[in-house]
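Protein chains in written order, with this note's numbering: chain A, 6 to 117; chain B, 12 to 125. Structure, as C-alpha cells:
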C-alpha cells in the first residue's frame, strides 16, 4: 500500500515566518504534488514535480516555493507566511497515467 | 487551463435513495475524470474514474457517466447508506491518474438522512 507521510498534522506559525511542509513517499513514484484545500474552494494545485530537482507551477504558486532534492521527498516552502495562507495542505504522489493520485493526511497550517 | 464546475455544493438525501452529483469541464483535451471521496478529517480517496473512450462505468452502487461532447460527467450513487456521507470531488486531467496534476471541482457535501 502506498504511504504518503506529511511530517506535521497541525502547525501554528506567525506572520513573516519561513515555513517548511515536508512530504515523504515510500513507493518510488516519479510525480509529487502539493495542493491547498479550503472550504468551498476545493483542492487547488500549488506546485508539482516530475523528477528530482524539477518543479512546475500549478494554479496558485504565488507566495510558495518547493524543493525536491531526493525522489522520495517534496517540500513546500512559505518564504514569509501570511494569514491568507492559513489552510489545509495536501501532498499527493503518482506514478503514471494508469495509477491514481495518492494523498497524505494533510497538514493544517494556521498563520497568526 | 482547465476549469471544473461541480454542483450541487450540498446534497441531502434520504437513506436508500439515489444521489447524483454533476460536473462540467472546459478543456477538450481532458481525457481522465476521477471522483474522490473525503470523509471528515481524512484524506481524499479515489472511488471511481473514467476515461474519455468510455461513456459509463459502474462499481457496485457507484456509477459514473461521461458526455464528452457536452463536456460533463456525473457520479451516481444508488441505495445510499450512512457511510456514504462525505465530501465528494470530481476532477479532470489530460494524461490521467498520477501522471499530471488534477484540476478539482469545489466539492459536494453529501448528507444521508436516516
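Note that beta-carbon positions come from the ideal geometry of N, C-alpha and C, so glycine has one too.
query                                                                                                                                                                       : result
Cα separation between residue 19 of chain A and residue 85 of chain A?                                                                                                      : 9 Å
Output the distance between the C-alpha atoms of residue 107 of chain A and residue 26 of chain B, rounded to the nearest integer angstrom.                                 : 30 Å
Taking a Cβ distance cut-off of 8 Å, strictly less, list which residues of the stretch 42-59 of chain A are near chain B, in chain order.                                   : 45, 46, 47, 48, 49, 50 and 53
Between which two residues does the beta strand (DSSP E) containing residue 103 of chain B stretch?                                                                         : 97-103
Please list the segments of the beta strand (DSSP E) lying wholly inside the stretch 62-105 of chain A, counting only runs of 3 or more residues, in order along the chain. : 70-75, 78-83 and 92-99
CB-CB under 6 Å to residue 115 of chain B, same chain, minus the five flanking residues each way: which ones, in chain order?                                               : 100 and 102
Determine whether the Cβ of residue 106 of chain A lies closer than 8 Å to any Cβ atom of chain B.                                                                          : yes
Verify the CB distance criterion: does residue 51 of chain B have a CB-CB separation below 8 Å to chain A?                                                                  : no
Can you pull the chain B residues whose beta carbon is under 9 Å from the beta carbon of residue 31 of chain A, in chain order?                                             : Ordered by position in chain B, no residue passes the 9 Å Cβ test against residue 31 of chain A, which lies about 15 Å from the chain.
Cα separation between residue 22 of chain A and residue 37 of chain B?                                                                                                      : 38 Å
Name the chain A residues that come within less than 7 Å of residue 115 of chain B, Cβ to Cβ?                                                                               : 47 and 48
DSSP three-state call for residue 16 of chain B: helix, strand or coil?                                                                                                     : strand
At 3 residues or longer, what runs of the beta strand (DSSP E) sit wholly inside the stretch 56-91 of chain B?                                                              : 56-62, 67-70, 73-78 and 83-88
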